[in-house]
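A.B. asks:
Numbering (our numbering), first residue to last: 50 to 192.
1. Between the alpha carbons of residue 124 and residue 150, how many angstroms are there, rounded?
2. What does a CB cutoff of less than 8 Å around residue 148 pick up in its chain, not counting 5 residues either side in sequence?
3. Is there at least one non-hydrogen atom of the ligand SAH closer than 7 Å to the beta-carbon of residue 130?
4. Within its chain, find whatever has a CB closer than 6 Å to the CB of residue 156; leave out the 5 residues flanking it on each side and keep chain order.
5. Ignore the nearest five residues each way along the sequence and tell me which others in residue 197's own chain have a CB closer than 6 Å to its CB.
6. For residue 105, does the three-state DSSP call read helix, strand or coil?
7. Short of 6 Å in beta carbon distance, which residues of its chain neighbour residue 75, apart from the five on each side in sequence? Order them along the chain.
8. Can you check whether the CB of residue 133 is closer than 8 Å to the CB of residue 180?
9. Below 8 Å on the Cβ atoms is my guess for residue 131 versus residue 163; work out the distance and round it to an integer in Å.
10. Between the Cα of residue 116 and the Cα atoms of 192, 146, 173, 158, which residue gives the shortest distance?
11. Rounded to whole angstroms, what's the CA-CA distance from residue 169 to residue 105? Just pull it up for me.
12. For the beta strand (DSSP E) that contains residue 170, what are its first and last residues?
13. Over what stretch of residues does the beta strand (DSSP E) that includes residue 159 continue unbroken?
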């Protein structure tokens with residue numbers, strides 16, 4: 050009887066896990082990408098081409114990290130806007146800030162150029178991947 054009990058428990062646990070996995074896969078009905086806002090009030094619709102930020106939100110010589118969109122937008126010179134992946138190429142930590150034209154990863158101290166994403170201070174050895182943005186008037190969107 051002990052074997053039957055163990056099999057029943059394993060079968061029951063496996064079935065429950067499968068049910069949870071399947072329900073998670075089937076839960077999306079397409080409404081997930083509607084304009085829910087993050088802590089900064091930015092729309093997640095920016096992932097699909099909606100407005101990410103206003104140009105006035107991005108300081109010259111600085112930038113802003115958009116965690117939900119995995120992007121950091123910089124303004125290395127007046128009116129020049131760039132965007133890069135917000136994941137450090139060293140170990141994948143999210144970058145945290147932009148100041149003095151450098152994108153800073155807090156995990157191990159890597160720094161990247163706000164102009165081209167190149168490494169300015171290791172241990173990261175690879176540049177941040179560039180992301181495409183569109184600036185139209187005072188609006189910045191992911192392309």
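Backbone N, C-alpha and C fix where the C-beta goes; we use that ideal spot for every residue, glycine too.
C.D. replies: This is what the structure holds:
1. 8 Å
2. 110, 111
3. In the structure on display, the ligand SAH does not appear, and there are no ligands present to speak of.
4. 142
5. Lying outside 50 to 192, the shown extent of the chain, residue 197 is not represented and no answer is given.
6. helix
7. Only weak support is given to the placement of residue 75: the predicted model assigns it a pLDDT of 38, under 50, and the question is left unresolved by the model.
8. yes
9. 7 Å
10. 146
11. 26 Å
12. 168–170
13. Per DSSP, residue 159 belongs to no beta strand (DSSP E) and is neither H nor E.
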